[in-house]
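Asker: Below are the structure tokens for one structure; questions will follow.
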Amino acid sequence: MGPETAPPPKLPCIDLSSDELIPGTPLWDRTVAEVLRASVEFGFFEVVYPAIDVSERRVMFAKLAELFALPLETKWRNTHDRPYHGYIGGPPNNLLYESLGVDLADDMEVDRFTGLMWPQGNPGFRVMEYKPPEPSPDAVINLKSHTDTNFITVLCENSGGLEVLVDDGSGGTFAPLVATMPGSLFVFIGDAFMAWSNGRLRSVPHRVVLREDKPRLSTGLFMLPEGGWMIEAPEDLIGDENPRRLYRPFEYFDILTRCYANPVKNMSGQQVFNELLRL
């Protein structure tokens, strides 16, 4: 049997396409309120952002397919001393999921990464690939349920498969995220942002389930605090709703390393985050 899913939820969709979306305007204030409401009530939302052209997305995902088709020994060149950075996946740990991370993807860092992957050059060139399972009538979970430890994740994907945990009154059921507009992006609130907001914002569990016989590609922007900074809820967010701090102050990369080392939850997540930081 494949994983059980619920019907698609009513997805919060926020339109960022207007040229009149300028700080200080009524439209800006309404949009900010929509983002806050979605972050508090759902922990995720869809963004309509037409500045990313659909044809450019096709080219990007074609290049990602080339990248993941490289030999495993080539992809392993992308190493990093921090968890969830560099190359993740592949045998023997995970045959269905791969990830390649690029820190601060400016021109210099992209050139460095390209030189690692294609020493001979590739002028066309954190991305993820979910490989299709062996043929089966059932859906297969390619990336297990997890929450993101960072502040904000922005995902761009080439096909479906992303599911979120929704409250159905009986402990929650996973439901597919279905974009309402071609070229939309998905935004997720992470555990660190949840802690900084003193629990006001939600960090929602999500997973990837494949039901087709082709790989699923996605690219993500993962917003992290700088190393060495302590994160704690500001005084302004301590009040009637939460009269005390819910999480102890923490340094992000310290907690990330401890999450990664936890044998129960080695893909990060709210459970380990709460065990380590909840007051």
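For the sequence shown, UniProt numbering puts the final residue at 279, and the numbers step up evenly by one. Virtual Cβ for every residue (Gly too), placed ideally from N, Cα, C. What you are looking at is a predicted structure, and each value in this text was computed from that prediction instead of being measured.
#1: For a quick check, are the C-beta atoms of Cys-13 and Thr-153 less than 9 Å apart?
#2: List the whole-angstrom C-beta distance separating Asn-274 from Leu-237, where the pair is believed to meet the contact cut-off of C-beta under 8 Å.
#3: When you compare only the Cα positions, how much space is there between Thr-74 and Leu-100?
#4: Which one of Val-272, Phe-44, Arg-258 and Leu-21 has the shortest CA to CA distance from Lys-10?
#5: Based on DSSP bridge pairs, tell me the residues matched to Val-48.
#6: Return helix, strand or coil for Ser-99, following the three-state DSSP convention.
#7: Suppose contacts are defined by Cβ-Cβ distances below 9 Å. Is Pro-225 in contact with Phe-174 by that definition?
#8: The beta strand (DSSP E) that contains Thr-74, what's its start and end?
#9: Per DSSP, what kind of secondary structure is Lys-265 in: helix, strand or coil?
#10: Use the C-beta contact count for Glu-56: other C-beta atoms within 10 angstroms, 16 or more gives buried, fewer gives exposed.
#11: Flag this pair as yes or no: are the beta carbons of Leu-279 and Arg-245 separated by less than 9 Å?
#12: Thinking just about the alpha-carbon of each residue, which of Val-208, Phe-193, Asn-242 and Pro-205 is nearest to the one in Glu-232?
#13: Under the three-state reduction of DSSP, which class applies to Ser-55: helix, strand or coil?
#14: How many Å lie between Pro-234 and Gly-190 at the Cα?
#15: Would you say Gly-183 and Asp-15 are within 9 Å of each other, going by their C-beta atoms?
#16: Short check: CB of Cys-156 to CB of Gly-228, under 9 Å?
#17: Could you compute how far the alpha carbon of Val-166 sits from the alpha carbon of Pro-26?
#18: What residue ranges within the segment 171 to 254 form continuous alpha helix (DSSP H) runs of no fewer than 4 residues, ordered along the chain?
#19: Quick one: is Asp-254 buried, meaning 16 or more other Cβ sit within 10 Å of its Cβ, or exposed?
#20: Between Ser-39 and Arg-202, how many whole angstroms is the CB-CB distance? I'm expecting something under 8 Å.
#21: For Phe-42, which residues in the same chain have their Cβ closer than 7 Å to its Cβ, ignoring the five residues on either side in sequence?
#22: Mind checking who Val-154 pairs with in its DSSP beta bridge?
#23: Would you identify the three-state DSSP class for Ser-39, choosing helix, strand or coil?
#24: Since Ser-159 and Arg-216 should fall inside the 8 Å C-beta cutoff, what is the C-beta to C-beta distance between them, to a whole number of angstroms?
#25: Identify whether Glu-20 lies in helix, strand or coil by the three-state DSSP scheme.
#26: On a Cα-Cα basis, can you pick out the residue from Asn-242, Arg-37, Val-208 and Pro-50 that is closest to Asp-19?
#27: Relative to the alpha-carbon of Glu-251, which residue among Thr-149, Ile-88 and Pro-176 has its alpha-carbon at the smallest distance?
#28: What is the DSSP secondary structure of Lys-10, counted as helix, strand or coil?
#29: Taking Leu-276 as part of the alpha helix (DSSP H), name the residues at either end of that continuous run.
Answerer: Reading it off the structure:
#1: no
#2: The Cβ separation is near 18 Å, so there is no contact.
#3: 12 Å
#4: Phe-44
#5: Asp-15
#6: strand
#7: no
#8: Note, Thr-74: premise wrong, no beta strand (DSSP E); alpha helix (DSSP H) at 72 to 75.
#9: Because Lys-265 sits at a pLDDT of 48, beneath the cut-off of 50, its placement in the model cannot be relied upon, and the point is left open.
#10: exposed
#11: yes
#12: Phe-193
#13: helix
#14: 17 Å
#15: no
#16: no
#17: 31 Å
#18: 191 to 196
#19: exposed
#20: 7 Å
#21: Pro-12, Arg-202 and Val-204
#22: Val-187 and Leu-221
#23: helix
#24: 5 Å
#25: coil
#26: Pro-50
#27: Thr-149
#28: coil
#29: 270 to 277
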